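Chains as they are written, first to last, in numbering that gives the first Met the number 0: chain A, 0 to 269; chain B, 0 to 290. Beta carbons are placed, not taken as given, at the ideal position from N, Cα and C, and that holds for glycine. Here the structure is a predicted model, which is why all the values come from computation and not from measurement. Here is the structure we will look at, set down as structure tokens.
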Amino acid sequence: MSGRIGSIVEHAAAWLLGLVWVAPLLYAVWAAIHPQGYSTRFELFAPLTLENFAAAWDAAPFARYFLNTFILVTMVLVAQFVLCTLAAFVFARSEFRGSGLLFGLVLLQLMIMPDVLLVENYRSMRALGLVDTILAIGLPYMASAFGIFLLRQTFKQIPRELEEAARVEGCGTMAILLRVYVPLAKPTYLAYGLTSVSYHWNNFLWPLVITNTVETRPLTVGLSVFASTDQGIDWAIISAATLMTSAPLLLGFLMFQRQFVQSFMRAGIR
Amino acid sequence: MRGRTTIHAWLMLSPALLLLVAFTHYPAIATIWHSLFSTPRGSRPARFVGAENYLALAEDPIFWQALVNNLVYALATIPLSIGLALMMAIWVNGKIHGRTALRIAFFTPTVLPMIAVANLWLFFYTPDYGLLDQVLRALFGWGPTNWIGTTETALGAMIVVAVWKEAGFFMIFYLAALQAIPPNLYEAAAIEGASRARIFWRVTLPLLGPTTLFVLVNAVINGFRLVDHIIVMTKGGPDNATALLLTYVYELGFRFWDTATASALTVVLLVMLALTAAMQFALGEKRVHYR
Numbered sequence: 000m001s002g003r004i005g006s007i008v009e010h011a012a013a014w015l016l017g018l019v020w021v022a023p024l025l026y027a028v029w030a031a032i033h034p035q036g037y038s039t040r041f042e043l044f045a046p047l048t049l050e051n052f053a054a055a056w057d058a059a060p061f062a063r064y065f066l067n068t069f070i071l072v073t074m075v076l077v078a079q080f081v082l083c084t085l086a087a088f089v090f091a092r093s094e095f096r097g098s099g100l101l102f103g104l105v106l107l108q109l110m111i112m113p114d115v116l117l118v119e120n121y122r123s124m125r126a127l128g129l130v131d132t133i134l135a136i137g138l139p140y141m142a143s144a145f146g147i148f149l150l151r152q153t154f155k156q157i158p159r160e161l162e163e164a165a166r167v168e169g170c171g172t173m174a175i176l177l178r179v180y181v182p183l184a185k186p187t188y189l190a191y192g193l194t195s196v197s198y199h200w201n202n203f204l205w206p207l208v209i210t211n212t213v214e215t216r217p218l219t220v221g222l223s224v225f226a227s228t229d230q231g232i233d234w235a236i237i238s239a240a241t242l243m244t245s246a247p248l249l250l251g252f253l254m255f256q257r258q259f260v261q262s263f264m265r266a267g268i269r
Numbered sequence: 000m001r002g003r004t005t006i007h008a009w010l011m012l013s014p015a016l017l018l019l020v021a022f023t024h025y026p027a028i029a030t031i032w033h034s035l036f037s038t039p040r041g042s043r044p045a046r047f048v049g050a051e052n053y054l055a056l057a058e059d060p061i062f063w064q065a066l067v068n069n070l071v072y073a074l075a076t077i078p079l080s081i082g083l084a085l086m087m088a089i090w091v092n093g094k095i096h097g098r099t100a101l102r103i104a105f106f107t108p109t110v111l112p113m114i115a116v117a118n119l120w121l122f123f124y125t126p127d128y129g130l131l132d133q134v135l136r137a138l139f140g141w142g143p144t145n146w147i148g149t150t151e152t153a154l155g156a157m158i159v160v161a162v163w164k165e166a167g168f169f170m171i172f173y174l175a176a177l178q179a180i181p182p183n184l185y186e187a188a189a190i191e192g193a194s195r196a197r198i199f200w201r202v203t204l205p206l207l208g209p210t211t212l213f214v215l216v217n218a219v220i221n222g223f224r225l226v227d228h229i230i231v232m233t234k235g236g237p238d239n240a241t242a243l244l245l246t247y248v249y250e251l252g253f254r255f256w257d258t259a260t261a262s263a264l265t266v267v268l269l270v271m272l273a274l275t276a277a278m279q280f281a282l283g284e285k286r287v288h289y290r
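See below:
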């Protein structure tokens, strides 16, 4: 009997916590689809509207911010795939003097992330003449220790016999990498790709520091500029803008929920 | 042949290494170097000042407050987010009704941008007509509280947002680890008549050791890195009550353009992260159960 009561209490606690966890999002949806007067009044039959989205879209250059974020995320992802694949392949399959030490130096980036080195990286970007460019936002993240580590672990599990068979058929190193290793590591690429896209879609502090015009600002920085200066406390419009900027990731997550969760798992373990 | 492979290896490594050195290793060392010089202003170039920037920090009450705040922030967010993550994982791994919906609910904050999240929480914390005050008034009849505008509550409010954002992310790793535990271990424990609590402490928790270490290291790093919401919600205020090391680096470096002091402060931050790495190494060697 006490087990049954315990189970009910546990269910209630789990559901209450779940409710608290989605409450901010539910509220944002409520505020965004109702007229401004209902932002703090909760009535079941409040009239619905999409005007807040239109108002938010017109109030700031969100189309441009979307484009900037899209360019940023794509550029970083492509660069990460190429650079990390090459480096991971070497670390997985070649032994040479100092390769262990070198790998240790790469892993250092897991601890000291570019996020913390704002001041010096800004100084470098100014020296390179890259301040206020989308390239500068992505550059510090392109060689990713996390990506190298993840792909190296995957490559190491691929049987060497496959590589030798390809070599017998006359494949060079590059062909082996592209035809044997990369196709077999597809799940890892998906996992790493999803974590990378959501990280850079959401990244804020470095883009805030390195950009200062509409032409380069990603969505996060654009949203913060928009919410702090233009709108005061018009919750309906801010909620609409907030939902708009998170929508692509959120929809992607809801649609590919299983893959998303499994990818994050895969990226974390091993 | 051997020599050629080595050349190949270096060619394939060089693009990644070049960028890593340029934007991780070089800036880490350059930060230390530049922290020993004055900030160049106008026509006056930087000059060597030795430990002067560090002495300035030591005499700066805001620095000490940011350091203490950051330790509080880290020491609160780490156990709270890890504890909640473990609890969530056990719930959504078990036979609970609406398991998938709960999983989605717990994980959703992870995919939301921290900036978007900050906007939503700003409304939660708004005095009087914000959601939190409305709930507290309905339940307990409490008066309005300016949660993020009062020095006593502001840091706590920031900690809550961070825990809310992180816990679902850490849950995933615990969930993966729980699913990897062979069911026959539980069956064996059940046959021996072990209670649920005993099974948790003696079977589940020890097997989650490596995951806990991984999550712990991430939580510690986030304790120093996860500051986006603070920059948007409070800008370190009121009266520096929510100033952390990284928000103060941002303020010194990019609002006051005092890059020399900002470099010295970054070195303090790097020392904290180095200590974390040392802790990971020491714990990883000893206490964790590896399979």
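The C-beta of threonine 5 of chain B comes closer than 8 Å to at least one C-beta of chain A. Interface annotation, asparagine 52 of chain B: not in contact with chain A, CB-CB separation never under 8 Å. When CB distances to chain A are screened at a threshold of 8 Å, the residues of the region 195-228 of chain B falling below it are Thr210, Phe213, Ile220, Phe223, Arg224, Val226, Asp227, in chain order. When C-alpha distances from tyrosine 249 of chain B are compared across A/Leu249, A/Pro217, A/Val179, A/Asn120, the shortest belongs to A/Asn120. Using a CB distance cut-off of 8 Å, isoleucine 103 of chain B counts as an interface residue toward chain A. In chain order, Met141, Ala142 place their CB closer than 7 Å to the CB of leucine 82 of chain A, counting only its own chain and leaving out the 5 sequence neighbours on each side.
Leucine 251 of chain B sits away from alanine 242 of chain B, with the two beta carbons spaced by 8 Å or more. Cα atoms of aspartate 238 of chain B and threonine 150 of chain B: separation of roughly 7 Å, rounded to the nearest angstrom. Residues of the region 198-226 of chain A that bring their beta carbon within less than 9 Å of a beta carbon in chain B comprise Trp200, Asn201, Asn202, Phe203, Leu204, Leu207, Val208, Leu218, Thr219, Val220, Leu222, Ser223, Ala226, in sequence order. Interface flag for tyrosine 247 of chain B against chain A is unset, since no Cβ pair is found closer than 8 Å. Under DSSP, arginine 43 of chain B forms a beta bridge with B/Arg40. Cβ neighbours of threonine 152 of chain B within its own chain (closer than 6 Å, five residues either side excluded): Trp146.
DSSP places threonine 194 of chain A inside the alpha helix (DSSP H), whose first and last residues are 185-201. Contact annotation: asparagine 202 of chain A and isoleucine 133 of chain A have beta-carbon atoms that are not nearer than 8 Å. Excluding residues up to 5 positions away in sequence, Asn67, Thr68, Leu71, Pro206 lie with their Cβ nearer than 6 Å to the Cβ of proline 217 of chain A in the same chain. Under the 8 Å criterion on CB atoms, leucine 12 of chain B is classed as interfacial with respect to chain A. The Cβ-Cβ distance between threonine 109 of chain B and valine 162 of chain B does not fall below 8 Å. Not a single CB atom of chain A sits nearer than 8 Å to the CB of proline 143 of chain B. With distances taken between CA atoms, valine 118 of chain A lies nearest to B/Tyr247 out of B/Arg43, B/Met271, B/Ile220, B/Tyr247. Within chain A, the residues placing a beta-carbon under 7 Å from that of phenylalanine 253 of chain B are Val208, ordered along the chain. Contact annotation: the region 231-241 of chain A touches the region 43-51 of chain A, with at least three C-beta pairs closer than 8 Å. The shortest CA-to-CA distance from proline 112 of chain B to any of A/Gln258, A/Ser227, A/Thr219, A/Phe225 is the one to A/Thr219.
Histidine 10 of chain A sits in a helix when the DSSP states are folded into three classes. Residue burial annotation: threonine 73 of chain A is exposed, with fewer than 16 other C-beta atoms found within 10 angstroms of its C-beta.
Counting C-beta pairs closer than 8 Å gives three or more between the region 189-203 of chain A and the region 75-91 of chain A, which meets the contact rule.
By the 16-neighbour rule on beta-carbons within 10 angstroms, valine 167 of chain A is exposed. Sixteen is the threshold: when 16 or more other Cβ atoms of the shown chains lie within 10 Å of the Cβ of threonine 203 of chain B, as they do, the residue is buried. For tyrosine 53 of chain B, same chain residues with a beta-carbon under 6 Å away, outside a window of 5 residues either side, are Ala263 in chain order. Residues of chain B whose Cβ lies closer than 9 Å to the Cβ of proline 158 of chain A do not exist, since the nearest Cβ in that chain is about 20 Å away.
Nearest C-alpha to leucine 177 of chain B among B/Ala55, B/Ala88, B/Trp32: B/Ala88. The beta carbons of phenylalanine 154 of chain A and alanine 91 of chain A sit closer together than 8 Å. At least one CB atom of chain A sits nearer than 8 Å to the CB of methionine 113 of chain B. From the listed residues B/Phe223, B/Arg46, B/Val91, the smallest Cα separation to alanine 259 of chain B is found for B/Arg46. Relative to proline 182 of chain A, the option among A/Ile209, A/Leu249, A/Leu150, A/His199 whose CA is nearest is A/Leu150. Across the structure, alanine 246 of chain A and phenylalanine 252 of chain A are spaced so that their CA atoms are roughly 10 Å apart.
Distance between glycine 148 of chain B and threonine 125 of chain B, taken at the CA atoms: about 9 Å.
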